[in-house]
Amino acid sequence: MATVTTTFNAPAPPATPVAHPIPPASSRLFEPVRVGKMALHHRIVFPPLTRNRNDDDHTPLPFMAQYYADRASTPGTLVISEATAVSHLEEGQEHTPGFVTERQVAAWKPIIDAVHAQGSYYFQQLWGMGRAADPALLAQRGLRYRSSSPVPLAGVEAIPAEMTEAEIAEVIQSFADTARRVVDAGGDGVEVHCAHGYLLDQFLSDAVNKRTDRWGGSIENRARLVLEVVRAVVAAVGADRVALRLSPYAAFQQAEKGDIRRQYLYVIAQLKATVPPLAYLSLVEATGDPGALIFGGKAVNQGKTLDFILEAWENRSPVVVAGGYQPETAVWALEERYKKWNTLVAFGRHFLANPDLVFRVRHGIELNKYNRPTFYLPKNEVGYNDYPFSKEYLAAQQKVSR
Ligand code: PHB
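So, in structure tokens, the structure goes:
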């Protein structure tokens, strides 16, 4: 671990992560935190990761239970599922999941139970894909390829249809109905995905949303869909079982916003004014842009920070930050960068490669390296359930069971 001398009384924390001298085990990473109804034992979060291990009907394969249970192996961990469709219309990419049919619900239940059996907690991330769906796949199924506006994704020939009022109402209802199914199946809550250029973000973004009705044309109108979805989901399952994910800076799938500050401050102000405190807010830093991460690039902050949102949120509920953290920079994030705020840190790639990531971070054990070519291998256990636990973790388990 690199040791870096940090200036503890610096007026403004640096925007570039540095290692922090406090050992992880005695840092805020291991300070317990209440998130909604959940009593988490630490602040390392397993975030939503698309892995394409569902079957041809968008239903989890049985071996997914082991993957999720392994990542829940330290009790008191928050495990968030991969993004999951709220209706068949949003099952727009092969081997991504839905939470719609009885068969799908029945396949998720053992996954939720397996996470709970470890003493950990489970949120389901819910999405619509909109224009990020594969238009050919939808066409095969006789489903409409659609978005906020008929603005195509770069490199995709098909032009999405502008969603009608009725389709928008249906989306809102689908989010609420799916949230209900998740909680009825035993899930601790749902995270509404309004990030990374997927459906809700396609309404929030003025680069995509060119509507002139009440769903577009102004900051307020572009925010209407995500706010309506959050309100409907909160009405269905209660605010303490609902989270919202936002990625103000991500350019992934061209969902940029012209006036980031005003757009997101409006969303935050409306949430505060009209919805009881959510379980948590999930914010992706500029360095977490999947456009850079998925293709192995390196995104830079360039002074783009989440500070304005955190200031506005005023610790109303905990905030999960994501942005390509390493264990030692995560310590820095909680101890310094975000010390005013009640934050948790998500690790995506390191967590998929380290089933015992929380144990390893606590004990300073070297991490397994992730293998990018297997991230999205459809229906395959290779690169999925074959990342080993550390020998230290296995030894500690033996001691417990003896
Ligand atoms: C992806 O599947 O590429 C993906 C999904 C959800 C995200 C980001 C990337 O938030």
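If you use numbering that gives the first Met the number 0, the sequence shown corresponds to residues 0 to 401, in order. Quick reminder that beta carbons are idealized off the backbone N, C-alpha and C, glycines included. Everything numeric in this text was worked out from a predicted model, so none of it was measured.
{"Query": "Of the listed residues 355, 169, 276, nearest to residue 241 (C-alpha basis)", "Result": "276"}
{"Query": "DSSP bridge partner residues for residue 244 (one or two, in chain order)", "Result": "192, 281"}
{"Query": "beta-carbon residue 251 near ligand 1 non-hydrogen atom, thresh 8 Å", "Result": "yes"}
{"Query": "Beta carbon of residue 283 nearer than 9 Å to that of residue 195", "Result": "yes"}
{"Query": "Between the CA atoms of residue 376 and residue 1 - distance to the nearest angstrom", "Result": "Only weak support is given to the placement of residue 1: the predicted model assigns it a pLDDT of 33, under 50, and the question is left unresolved by the model."}
{"Query": "Chain-order list of residues whose beta-carbon lies under 8 Å from that of residue 122 (same chain, five-residue window excluded)", "Result": "77, 78, 79, 80, 186, 187, 188, 189, 190, 242, 278"}
{"Query": "Whole-angstrom C-beta distance between residue 146 and residue 207, which should lie under 8 Å", "Result": "7 Å"}
{"Query": "Beta carbon of residue 246 nearer than 9 Å to that of residue 170", "Result": "no"}
{"Query": "Status (buried if at least 16 other CB within 10 Å, exposed otherwise) for residue 3", "Result": "Below a pLDDT of 50, predicted positions are generally treated as unreliable, and residue 3, at 33, falls in that range; the measurement from the model is reported next regardless. Label assigned to residue 3: exposed."}
{"Query": "Exposure of residue 368, with buried meaning 16 or more beta-carbon neighbours within 10 Å", "Result": "exposed"}
{"Query": "beta-carbon residue 369 near ligand 1 non-hydrogen atom, thresh 8 Å", "Result": "no"}
{"Query": "Residue 7 versus residue 362: straight-line alpha-carbon distance, rounded", "Result": "Reliability of the predicted coordinates at residue 7 is poor, the pLDDT of 35 falling under 50, and the value obtained from them is presented with this limitation in mind. Their Cα atoms are separated by approximately 25 Å."}
{"Query": "For residue 32, the residue or residues it bridges with in DSSP", "Result": "39"}
{"Query": "Top-ranked residue by Cα proximity to residue 28, from 16, 43, 385, 19", "Result": "43"}
{"Query": "CB of residue 176 within 9 Å of CB of residue 235, strictly", "Result": "yes"}
{"Query": "Beta-carbon proximity check, residue 160 vs residue 143, cutoff 9 Å", "Result": "yes"}
{"Query": "Residue 79 in three-state terms, based on DSSP", "Result": "strand"}
{"Query": "Given 8 Å, three or more beta-carbon pairs between the stretch 107 to 122 and the stretch 219 to 228", "Result": "no"}
{"Query": "Beta carbon of residue 271 nearer than 9 Å to that of residue 203", "Result": "no"}
{"Query": "Nearest-angstrom Cβ-Cβ length linking residue 93 and residue 136, presumed shorter than 8 Å", "Result": "7 Å"}
{"Query": "Proximity to residue 141 [Cα-Cα], best of 155, 91, 119, 163", "Result": "91"}
{"Query": "The stretch 42 to 56 / the stretch 315 to 330 touching (three or more Cβ pairs under 8 Å)", "Result": "yes"}
{"Query": "Buried/exposed call for residue 163, threshold 16 Cβ in 10 Å", "Result": "exposed"}
{"Query": "Residue 126 beta carbon near ligand 1 (any heavy atom closer than 8 Å)", "Result": "yes"}
{"Query": "Beta-carbon proximity list for residue 262, same chain, < 6 Å, skipping 5 on both sides", "Result": "218, 256"}
{"Query": "Sequence-distant residues of the same chain with beta carbon closer than 6 Å to residue 264, five excluded per side", "Result": "311"}
{"Query": "Nonlocal neighbours in the same chain, by C-beta distance under 7 Å from residue 127, ignoring five residues either side", "Result": "85, 89, 170, 197, 198, 199"}
{"Query": "Where the alpha helix (DSSP H) containing residue 345 begins and where it ends", "Result": "Here residue 345 belongs to no alpha helix (DSSP H); instead the beta strand (DSSP E) covers 342 to 345."}
{"Query": "beta-carbon residue 197 near ligand 1 non-hydrogen atom, thresh 8 Å", "Result": "yes"}
{"Query": "Residue 218 beta carbon near ligand 1 (any heavy atom closer than 8 Å)", "Result": "no"}
{"Query": "Beta-bridge partners of residue 145, as assigned by DSSP", "Result": "160"}
{"Query": "Rounded separation between residue 10 and residue 335 - CA only", "Result": "Low per-residue confidence applies at residue 10: pLDDT is 37, beneath 50, and the placement is therefore not dependable enough to give any value."}
{"Query": "Residue interval of the beta strand (DSSP E) (run including residue 120)", "Result": "120 to 126"}
{"Query": "CB contact flag (residue 274, residue 209, <9 Å)", "Result": "no"}
{"Query": "Local Cβ density within 10 Å of residue 416, reported as buried at 16 or more and exposed below that", "Result": "Because the chain is modelled from 0 through 401, residue 416 falls outside the range shown and cannot be assessed."}
{"Query": "Closest Cα partner of residue 47 within the set 252, 365, 374, 269", "Result": "374"}
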